[in-house]
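Here the protein sequences line up with chains A and B, keeping their order. Each residue of the first sequence is one higher than the one before, counting from 1 in our numbering. Each residue of the second sequence is one higher than the one before, counting from 1001 in our numbering. Think of the CB as a built atom: it goes at the ideal place given N, C-alpha and C, for glycine as much as any other residue. Since this is a predicted model, take the numbers as computed values, not measurements. Report on the structure given below.
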Amino acid sequence: MKSVPDLAERVRAGDRRALARLLSLIESDDDAGGTELARLFPHRGQAHVIGVTGAPGTGKSTLVNRLALTLRSQGSPEVAVLAVDPSSPFTGGAILGDRIRMREASVDRGVFIRSMATRGALGGLALRTQEAVEALDAAGFGHILVETVGAGQAEVEVAQLAATTIVVEAPGFGDDVQAIKAGILEIADILVVNKADLPGADETVRALRAALDLGRPSRRGTGTVRRETSWEVPILRTIATRDEGVLELAGAIAAHRQHLESSDEAADRQRLRAGHDLALRLQEELAARFLKRLGDPAWNEAIEKVASREVSPRAAVKELLERGTE
Amino acid sequence: MPEPTLRILIAKPGLDGHDRGAKVIARALRDAGMEVIYTGLRQTPEMIARAALQEDVDAIGLSILSGAHMALVPKLFELLRGQDQQDVRVLVGGIIPDEDVPTLRDLGVAAILGPGTSTDQIVRAFQEAVRAAPATP
Chain A
1 MKSVPDLAER VRAGDRRALA RLLSLIESDD DAGGTELARL FPHRGQAHVI
51 GVTGAPGTGK STLVNRLALT LRSQGSPEVA VLAVDPSSPF TGGAILGDRI
101 RMREASVDRG VFIRSMATRG ALGGLALRTQ EAVEALDAAG FGHILVETVG
151 AGQAEVEVAQ LAATTIVVEA PGFGDDVQAI KAGILEIADI LVVNKADLPG
201 ADETVRALRA ALDLGRPSRR GTGTVRRETS WEVPILRTIA TRDEGVLELA
251 GAIAAHRQHL ESSDEAADRQ RLRAGHDLAL RLQEELAARF LKRLGDPAWN
301 EAIEKVASRE VSPRAAVKEL LERGTE
Chain B
1001 MPEPTLRILI AKPGLDGHDR GAKVIARALR DAGMEVIYTG LRQTPEMIAR
1051 AALQEDVDAI GLSILSGAHM ALVPKLFELL RGQDQQDVRV LVGGIIPDED
1101 VPTLRDLGVA AILGPGTSTD QIVRAFQEAV RAAPATP
């Protein structure tokens, strides 16, 4: 990996090439990245982190493009976009195509766009994305938009790192049962029905409204803390391709930010996020240390046994733990 | 230490609206385990240089069918040098007349991939171009 001296200082001073390099170090899990990030840690906490998630094809990238420009026009000096796409589980490669729909934002000097592949690590999305957000935060961006593919776990993860989570729907993407199944009500601070000019938009809004009215049983996925919020989740209509409804969306984001700051929710969320983050890091570190001590032969033997259905995964883990901690 | 994942920007500068070739190349590089940032049609040299910087890519693949390579490529190199990105390798694919090849080579183009180059050859050209790149001081 190419090294750069004084990376943290240069990132703080607004050097975008240094920032890009730091993001690469973070993505490749390079120790130097961790060291530089630790030096930046005291400087983060200023940015408003906005998660944007939803099924593929709902128009997230186009919406993020417009939102970034709107935030800029409202006086945000610099906006960062982190666009996360999946890596191929077979080759590890990825095609990161979110920039195609961010053409206008990409020519704005005040918008920094970075594409990020999940790189397939267990829990890797959360860890690396979280660290990338910390780097962007310390680099001085006022708003950080994190766009993920709404595929299951990623949605929950983005909600844990964002202060405001936007879930994007579009007409024709499933009925109200789908909406409840996908768990979006628990993570959404703002619901957006994009492509609102398409037939079925009214039905989608109605289904979401009905699902919201059923109530939100708990906040924030992991279930370690259950608390009520006084925030009323708005349902907004947008047509991102025509820049319609985006101003209202920016207004809702600002209102949510104000709500967080004027209540104790911001601090609660910080605490939840810190706990989640620590648990993930601990899991990863413990697993890495344990596997190192255990050694490859025992690990491969366990894999064989489970693959051939000689023992169950649960029994295999128990056995591994006994062997590895002797 | 595992092989670092190569990050490649595939860009389509100029006014021609035909990006099938660029997409085939993007897929081939992905299948070889690389991360490919694809930026879409009609990119200016300024947009390409900015994207390369933000994405911290190892190499840029330009797909040019419009015949405008003698204007676009020198401009891109000028921008890359001005942004301290001279270690980023540039490869050019598309229709490049033989007589332009030496000039592009002199500018620093790492490889020129004409019609009929196999995807295997393209993947190898990117791998070799990055391997040959000088380390950042």
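Going by DSSP in three states, Gly123 (chain A) sits in which element: helix, strand or coil? Any reading at Gly123 (chain A) must be qualified, since the residue scores a pLDDT of 46, below 50, and its modelled position is unreliable; the value itself is stated next. Correct three-state label for Gly123 (chain A): coil.
So which residues of chain B does Ser24 (chain A) contact, with C-beta pairs closer than 7 Å? Asp1056
Can you have a look at Gly1017 (chain B) and say buried or exposed, based on whether 16 or more other CB atoms are within 10 angstroms of its CB? exposed
Which same chain residues, not among the five before or five after Leu96 (chain A), have their C-beta less than 8 Å away from its C-beta? Ala83, Asp85, Ser115, Met116 and Ala117
Quick one: what's Ile95 (chain A) bridged to in DSSP? B:Val1036
Quick one: Cα of Met1047 (chain B) to Cα of Leu67 (chain A), how far? 20 Å
Glu1035 (chain B) and Ala94 (chain A): beta carbons closer than 7 Å? yes
Please go through the same chain and pick out, in chain order, the residues whose beta-carbon is closer than 6 Å to the beta-carbon of Arg39 (chain A), but skip the five residues on each side of it. Ala8
With contact counted as at least three CB pairs below 8 Å, one residue from each stretch, are the stretch 1098–1105 of chain B and the stretch 1118–1135 of chain B in contact? no
Of all Cβ atoms in chain A, is any one closer than 7 Å to the Cβ of Leu1053 (chain B)? yes
First and last residue of the beta strand (DSSP E) that includes His48 (chain A)? His48 to Thr53
Using 8 Å as the Cβ pair cut-off and three pairs as the minimum, do the stretch 190–206 of chain A and the stretch 233–244 of chain A touch? yes
Between the Cα of Gln74 (chain A) and the Cα atoms of A:Thr165, A:Leu249 and A:Ser262, which residue gives the shortest distance? A:Leu249
Under 7 Å, Cβ to Cβ, is there at least one residue of chain A near Arg1030 (chain B)? yes
Does any C-beta atom of chain A lie closer than 7 Å to the C-beta of Pro1013 (chain B)? no
Inspect the CB distances between the stretch 1073–1084 of chain B and the stretch 130–139 of chain A and report whether three or more fall short of 8 Å. no
Under 7 Å by beta carbon: chain D residues contacting Thr1039 (chain B): Of the protein chains in this structure, namely A and B, none is chain D.
Determine the burial state of Lys1012 (chain B): buried for a count of at least 16 other Cβ atoms within 10 Å of its Cβ, exposed for fewer. buried
Could you name each continuous alpha helix (DSSP H) segment of 4 residues or more that falls completely within the stretch 11–63 of chain A, going from the start of the chain to the end? 16–27 and 31–40
Rounded to the nearest angstrom, what separates Leu1065 (chain B) and Gly1082 (chain B) at their Cα positions? 26 Å
Is Glu147 (chain A) near Val205 (chain A), with beta carbons less than 7 Å apart? no
Hey, which unbroken runs of the alpha helix (DSSP H) at 4 residues or more fall wholly within the stretch 225–312 of chain A? 246–262, 265–294 and 296–307
Sort B:Lys1023, B:Ala1132, B:Leu1029 and B:Asp1100 by Cα distance to Gly1008 (chain B) and report the nearest one. The sequence given here has Ile at residue 1008 (chain B), not Gly. Measuring from the Cα of Ile1008 (chain B), the nearest candidate turns out to be B:Leu1029.
Terminal residues of the continuous alpha helix (DSSP H) containing Arg1124 (chain B)? Thr1119 to Arg1131
Using DSSP with H/G/I as helix, E/B as strand and the rest coil, what is Arg220 (chain A)? In this prediction, Arg220 (chain A) has a pLDDT of 45, which is less than 50 and means its spatial position is unreliable; what the coordinates show is noted afterwards. Of the three classes helix, strand and coil, the one that applies to Arg220 (chain A) here is coil, per DSSP.
For Val1024 (chain B) and Ile1122 (chain B), what's the separation of their Cα atoms in angstroms? 11 Å
Proximity winner among A:Val79, A:Glu301 and A:Leu127, relative to Glu27 (chain A) (alpha-carbon distances): A:Leu127
So with Cβ pairs under 7 Å, would you call Met1034 (chain B) a contact of chain A? yes
Determine contact between the stretch 275–287 of chain A and the stretch 207–216 of chain A, defined as no fewer than three beta-carbon pairs at a distance below 8 Å. no
Under the DSSP definition of a beta bridge, which residues are partnered with Ala1004 (chain B)? Going by the sequence as given, residue 1004 (chain B) is Pro instead of Ala. Beta-bridge pairing links Pro1004 (chain B) to no other residue.
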